[in-house]
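Residue numbers (my numbering): 7 to 326.
Here you go:
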């Protein structure tokens with residue numbers, strides 16, 4: 007749930023947005039948490055940049071009074087769940103998530119009721135309502151590790167991403183009941199174009215995020231979360247990579263390995279569909295305005311917040 011006061015009055019933007027945001031950070035005792043899929047300017051100004059697991063861990067540990075979340079709504083909700091007494095801001099209320107939207111709470115509740123003996127493990131890319139119906143939350147960075155800690159005789163529902171679920175099943179050898187959700191960005195990558203790109207660049211190593219479809223993953227020599235991909239390209243002896251995930255991560259790859267080449271994997275159509283339209287709604291200007299006016303604020307019903315906290319805490323404990 008998102009709440010906002012009346013729209014703020016029209017504000018003239020300062021000429022130095024980076025400096026103005028730094029001033030507001032000190033004034034508010036604020037921290038800026040950003041995902042790798044944000045625009046380059048936001049990545050560069052963030053206090054912490056990471057994937058969903060790292061961002062959750064940072065949100066749980068921060069001593070800031072205000073959390074400015076440069077990401078999408080489920081990430082800001084997670085920060086609020088972990089910090090119920092802090093002000094949590096999201097630069098653009100429209101920054102949603104196609105994967106989270108693919109799992110409506112009412113439909114999932116009915117689905118869950120069909121499997122009363124199943125443990126529910128939900129990928130963090132879901133709404134607070136879905137988290138509240140879950141036993142454990144996971145991320146792409148720790149999903150395999152968490153499933154491996156569940157007794158083998160315990161049946162599991164995995165939601166909402168079917169592609170990550172299939173990958174976890176393959177890695178763990180566990181059968182799971184999968185909710186059939188997916189990420190619009192990671193489903194746009196074309197196996198045919200991936201193969202064509204590998205033929206054009208035989209020296210390039212293909213790496214991919216596990217939200218990609220199995221047909222794409224089978225052409226990758228390394229599969230991992232965004233942080234895992236970032237770490238891998240630094241350790242690998244390869245000098246060029248085909249990157250099958252949202253291309254925002256390439257900005258960080260180029261910073262940590264400037265001598266290497268990074269080729270974004272192409273989508274099915276001739277479009278920018280491999281860029282997340284929700285992530286890209288946040289801009290440096292909106293980041294400044296949300297801090298200036300301390301809105302839009304993320305709020306959640308207390309019952310939802312408390313119910314959703316338990317599976318997140320369990321994830322953090324199991325990931326330690």
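Positions of the beta carbon are idealized from the N, C-alpha and C atoms, including for glycine.
Annotation: residue 294 is outside any beta strand (DSSP E); the continuous alpha helix (DSSP H) that includes it extends over 290-299.
Rounded to the nearest angstrom, the gap between the Cα atoms of residue 114 and residue 185 is 8 Å. Between residue 209 and residue 242, the gap from beta carbon to beta carbon reaches 8 Å or more.
Exclusion of the five residues before and after residue 75 leaves 39, 81, 82, 85 and 96 as the residues of its chain whose Cβ lies within less than 6 Å of its Cβ. Boundaries of the beta strand (DSSP E) harbouring residue 270: 267-270, taken from the DSSP string. A residue is called buried when at least 16 other Cβ atoms come within 10 angstroms of its Cβ; residue 121 does not meet this threshold and is exposed. A contact is defined here as three or more CB-CB pairs under 8 Å, and the stretch 247-263 fails this definition with respect to the stretch 175-183. About 6 Å separates the beta carbon of residue 293 from that of residue 27, a gap short enough to meet the 8 Å contact definition. Per DSSP, residue 238 is one residue of the alpha helix (DSSP H) stretching across 232-241. By the CB criterion at 8 Å, residue 318 and residue 94 fall outside the cutoff. Residue pairing by DSSP leaves residue 100 without any beta bridge partner.
DSSP places residue 93 within a strand segment (E or B) once states are collapsed to three. Residue 48 and residue 123 have their C-alpha atoms some 44 Å from each other. Out of 132, 112 and 125, the CA that lies nearest to the CA of residue 105 is found in 132. Across the structure, residue 229 and residue 312 are spaced so that their CA atoms are roughly 34 Å apart. Relative to residue 129, the option among 273, 217 and 33 whose CA is nearest is 217.
The stretch 192-212 makes no contact with the stretch 150-161, as fewer than three CB pairs between them are under 8 Å. For residue 146 and residue 154, the gap between their C-alpha atoms comes out near 14 Å. Between residue 43 and residue 254, the CB-CB gap stays under 8 Å. For residue 89 and residue 201, the gap between their C-alpha atoms comes out near 45 Å.
Within the stretch 170-225, the runs of beta strand (DSSP E) that reach at least 3 residues and sit entirely inside it are, in chain order, 211-214. Ranking 250, 221 and 98 by CA distance to the CA of residue 299 puts 98 first.
Across the structure, residue 134 and residue 111 are spaced so that their CA atoms are roughly 9 Å apart.
With respect to the 8 Å criterion, residue 321 and residue 143 are classified as neighbours on the basis of their beta carbons. In the three-state reduction of the DSSP assignment, residue 246 falls in the strand class, which pools E and B.
Taking the Cα of residue 119 as reference, the smallest distance to any Cα among 102, 107, 139 and 109 is reached at 139.
Of 258, 227 and 231, the smallest CA-CA separation from residue 248 is found for 227.
Under DSSP, no beta-bridge partner is assigned to residue 157. Unbroken alpha helix (DSSP H) runs of no fewer than 4 residues, entirely contained in the stretch 10-80, are found at 23-34, 46-51 and 58-67, following chain order.
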